[in-house]
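Chains as they are written, first to last, in the working numbering: chain A, 7 to 166; chain B, 37 to 424.
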């Protein structure tokens, strides 16, 4: 049941809970309880909204930064990650396999802002060996949702 | 000038759904729950395979029977899913949708005057195809109290010396009814006793919501030799526009069907057949995901009607529910017309699928939850107004 609830709210966190209960053949109260429990257990970490900023005529610049670091003695990568993810500009930090260590996603209002963050805050960190900044030119799909076009029902009337 | 037309075809009535949708077409704002095709896109890997086949220049005819590689995959699929054992080379024909299979099977099997038993409500093509093949359609009126399943006594009462074929339209469009193993057993006995053939239209087989899953009548001992099994990709793999189905039957029947198919069609669409290899081989999980989502919507609609206190048996197949509107004292057609005009929601009158559909309407849940909810809110309003 938890998995079903999660798979629905992952795609639509605003789903009407009464509707969801009817689809899953259960009571609304049960769903409310489960959601609360999962929030407490930090299985559900938040309910953000997916926004196509390009269409909102708000200037946004985002970048994916590849970061190589030296892990700190006794604490591994987690301590370094913490130094990075605590900056509010940082959207996401992933520890990854491959030729560098962290993938850091950051967002700013201008190119300058992003560049300043990298040169003034990220690069000077003790454990950071090198960074490579990749600016996002266009976002096609995010969170499983295609940003470009809204799906329209093109089915024609047919006798069946 | 002479009458250019054939008498038989001019006497056949156009489909009842068609007429209804002509009205819907004039109301662009109406929410429709009328369409009988999946709202999902064909899985991307299938579309991708089609593009690849075009890039490779695979644009020729296939053999009349269809792409051999595909038939082999289908035979594996049928074994894996329904415990059916068909030789891909001699007992299978790829057709232009399941509907071509129905037409060609009837034409290959019927002599003038042969009777075909058609449980109704059911898909609109069985009756006209029977007539066009020179046969005589005989309706078996299924009952709501039996959840629109076919009962042995109903079948036996309809059998005459002239009966040759029983059509088995399960999981059913428009009722969503299924026939489980225990329902099929007595039917199988009668089919053997009266030496009948069964044309089983299992196009919705993958969309079955019983715990035990779909059971094919062809899988019963002694039934393979008297069964014409119809299936296709339209419903299960959301591939309606690809026009691809298949028929499995004893070799003697497939041989004659292949003649008709060869003269009338040549072969099923080549691009679709290449894409279908991927669909049948690699898409079990995609199909399962779609089935799960349909099932959630099915439960949603059932619970909505339950809350409204509208009588509705629980259907376990396809993507339709078939609630009763008998309590409102009007015909199905009148109910649907008023619902459309007053609340701008289109559902299909049960009578479009046979007289025994009177008193019910077909609601398709091949729509997003958002759409279903909006439509159900309006239906609820309508019903509350009718009840006063």
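Note that CB positions come from ideal geometry on N, CA and C, so glycine has one too.
Cβ separation of residue 155(B) and residue 203(B), assumed to be a contact under 8 angstroms, to the nearest whole Å: Numbered from its first residue, the second chain carries residue 155(B) at position 119. Numbered from its first residue, the second chain carries residue 203(B) at position 167. Contact between residue 155(B) and residue 203(B) holds, with the beta-carbon distance rounding to 7 angstroms and staying under 8 angstroms.
Just reading off the beta strand (DSSP E) that residue 109(A) is part of, what are its end residues? Along the first chain, read from residue 1 onward, the residue named residue 109(A) stands at position 103. DSSP places residue 109(A) in the uninterrupted beta strand (DSSP E) bounded by 108-114.
Can you have a look at residue 260(B) and say buried or exposed, based on whether 16 or more other CB atoms are within 10 angstroms of its CB? Taking the first residue of the second chain as position 1, residue 260(B) is located at position 224. So residue 260(B) ends up on the buried side.
My output table needs one value for residue 13(A): the three-state DSSP class, helix, strand or coil. Within the first chain, residue 13(A) is the residue found at index 7, counting from 1. Helix at residue 13(A).
Identify the contact partners of residue 147(A) in chain B, using a Cβ-Cβ distance below 9 angstroms as the criterion. Residue 147(A) sits at position 141 when you count from the first residue of the first chain. Within 9 angstroms Cβ-Cβ: nothing; residue 147(A) doesn't reach chain B, min ~12 angstroms.
Could you check what DSSP says for residue 155(B) in three-state terms: helix, strand or coil? Residue numbering aside, residue 155(B) sits at position 119 when the second chain is read from its first letter. In the structure shown, residue 155(B) sits in a strand (DSSP, three-state: E or B).
Name the two residues that bound the continuous alpha helix (DSSP H) containing residue 281(B). For the purposes of this step, residue 281(B) is taken as residue 245 along the second chain, with counting starting at 1. Segment 281-284 is the beta strand (DSSP E) holding residue 281(B); no alpha helix (DSSP H) there.
Straight-line CA distance for residue 177(B) to residue 167(B)? Position 141 of the second chain, counted from the first residue, corresponds to residue 177(B). Position 131 of the second chain, counted from the first residue, corresponds to residue 167(B). One C-alpha to the other measures close to 18 angstroms.
Contacts around residue 419(B), its chain only, beta-carbon distance under 7 angstroms, and the 5 residues preceding and following it disregarded: For the purposes of this step, residue 419(B) is taken as residue 383 along the second chain, with counting starting at 1. Here the set comprises 344 and 346.
Cβ neighbour criterion (16 or more within 10 Å) applied to residue 119(B): Within the second chain, residue 119(B) is the residue found at index 83, counting from 1. Counting the other CB atoms within 10 Å of its CB gives residue 119(B) a total below 16, which places it among the exposed residues.
Touching by the beta-carbon criterion (3+ pairs, under 8 angstroms), the segment 133-145 of chain B and the segment 291-302 of chain B: These segments touch.
Give the interface partners of residue 61(B) over in chain A, defined as CB-CB distance under 9 angstroms, in chain order. What you label residue 61(B) is simply residue 25 of the second chain in a count that begins at 1. Neighbours of residue 61(B) on chain A, chain order: 163.
Just checking: is the beta-carbon of residue 340(B) within a distance shorter than 8 angstroms of some beta-carbon in chain A? Indexing the second chain from 1 puts residue 340(B) at position 304. For residue 340(B), the answer is yes, since a Cβ of chain A falls inside 8 angstroms of its Cβ.
Of the choices 88(A), 71(A) and 104(A), whose alpha-carbon is the least far from that of residue 113(A)? If you number the first chain from 1, residue 113(A) lands on position 107. Just measuring C-alpha positions, the residue of 88(A), 71(A) and 104(A) sitting nearest residue 113(A) is 71(A).
Can you look up residue 46(A) in the DSSP assignment and give me helix, strand or coil? Residue mapping note: residue 46(A) aligns to position 40 of the first chain, counting from 1. Secondary structure at residue 46(A): helix, using DSSP grouped into helix, strand and coil.
Is the distance from the Cβ of residue 306(B) to the Cβ of residue 97(B) below 8 angstroms? Numbered from its first residue, the second chain carries residue 306(B) at position 270. Numbered from its first residue, the second chain carries residue 97(B) at position 61. A Cβ-Cβ contact shorter than 8 angstroms links residue 306(B) with residue 97(B).
Boundaries of the beta strand (DSSP E) in which residue 469(B) is found, first to last residue: Here chain B has residues from 37 to 424 only, and residue 469(B) is not among them.
So for residue 195(B), helix, strand or coil by DSSP? Locating residue 195(B) in the second chain gives position 159, where the first residue counts as 1. In the structure shown, the three-state DSSP call for residue 195(B) is coil.
Find the nearest neighbour of residue 189(B) within the set 226(B), 174(B) and 239(B), judged by alpha-carbon distance. Within the second chain, residue 189(B) is the residue found at index 153, counting from 1. The shortest Cα separation from residue 189(B) among 226(B), 174(B) and 239(B) belongs to 226(B).
Selection from 63(B), 410(B), 83(B) and 69(B) that minimises the alpha carbon distance to residue 312(B): On the second chain, position 276 is the one that residue 312(B) refers to. With distances taken between Cα atoms, residue 312(B) lies closest to 83(B).
Pair within 8 angstroms by beta-carbon distance, residue 53(B) and residue 397(B): For this step, residue 53(B) is matched to residue 17 along the second chain. For this step, residue 397(B) is matched to residue 361 along the second chain. The answer is no: Cβ separation not under 8 angstroms.
Roughly how many whole angstroms lie between the Cα atoms of residue 67(A) and residue 142(A)? Residue mapping note: residue 67(A) aligns to position 61 of the first chain, counting from 1. Residue mapping note: residue 142(A) aligns to position 136 of the first chain, counting from 1. Answer to the nearest angstrom: the Cα atoms are 7 angstroms apart.
Touching or not, the segment 127-143 of chain A and the segment 86-100 of chain A, by the rule of three or more beta carbon pairs under 8 angstroms? Three or more Cβ pairs closer than 8 angstroms define a contact, and the segment 127-143 of chain A meets that threshold against the segment 86-100 of chain A.
My output table needs one value for residue 48(B): the three-state DSSP class, helix, strand or coil. Within the second chain, the letter at position 12 stands for residue 48(B). Correct three-state label for residue 48(B): coil.
Helix, strand or coil for residue 388(B)? Go by DSSP, reduced to three states. Reading the second chain from its first residue, position 352 is the one you call residue 388(B). Correct three-state label for residue 388(B): helix.
With a threshold of 7 angstroms (Cβ to nearest heavy atom), would residue 332(B) be considered close to the ligand FAD? For the structure depicted, the ligand FAD is absent and the ligand set is empty, with no information on it obtainable.
What's the C-alpha gap between residue 63(B) and residue 75(B)? If you number the second chain from 1, residue 63(B) lands on position 27. If you number the second chain from 1, residue 75(B) lands on position 39. When rounded, the distance between both Cα atoms is 20 angstroms.
Going along chain A, which residues have a C-beta under 7 angstroms from residue 81(B)? Numbered from 1 along the second chain, position 45 holds the residue referred to as residue 81(B). Within chain A, no residue comes near residue 81(B); the closest Cβ sits about 16 angstroms away, beyond 7 angstroms.
Taking contact to mean 3 or more Cβ pairs, one atom from each stretch, closer than 8 angstroms, check whether the segment 140-159 of chain A and the segment 48-68 of chain A are in contact. Two segments are said to touch when three or more pairs of C-beta atoms, one from each, lie closer than 8 angstroms; by this definition the segment 140-159 of chain A touches the segment 48-68 of chain A.
For residue 78(A), collect the residues of the same chain with a Cβ closer than 8 angstroms to its Cβ; drop the 5 residues on either side in sequence, then sort them by chain order. Counting from one through the first chain, the residue named residue 78(A) turns up at place 72. Only 85, 86 and 133 meet the Cβ criterion.
Report buried or exposed for residue 51(A), applying the criterion of at least 16 other Cβ atoms within 10 angstroms of its Cβ. Stepping through the first chain from its first residue, residue 51(A) is reached at position 45. Here residue 51(A) is exposed, its C-beta having fewer than 16 other C-beta atoms within 10 Å.
Per DSSP, residue 255(B) forms a beta bridge with which residues? Along the second chain, read from residue 1 onward, the residue named residue 255(B) stands at position 219. Per DSSP, none; premise fails for residue 255(B).
From residue 148(A) to residue 101(B), what distance separates their C-alpha atoms? On the first chain, residue 148(A) is found 142 positions in, with the first residue counted as 1. On the second chain, residue 101(B) is found 65 positions in, with the first residue counted as 1. Approximately 44 angstroms between the Cα atoms of the pair.
Please list, in chain order, all residues of the same chain as residue 184(B) whose beta carbon is under 6 angstroms from its beta carbon, the five residues on each side excluded. Here residue 184(B) is taken as the residue at index 148 of the second chain, counted from 1. Result list for residue 184(B): 178, 211 and 213, in chain order.
Candidates 15(A), 30(A), 7(A) and 32(A): which alpha carbon is nearest residue 185(A)'s? For chain A, the structure presents residues 7 to 166; residue 185(A) sits outside this window and is missing.
So if I threshold CB-CB distances at 8 angstroms, which residues from the segment 271-282 of chain B count as touching chain A? Hits within the stretch: zero.
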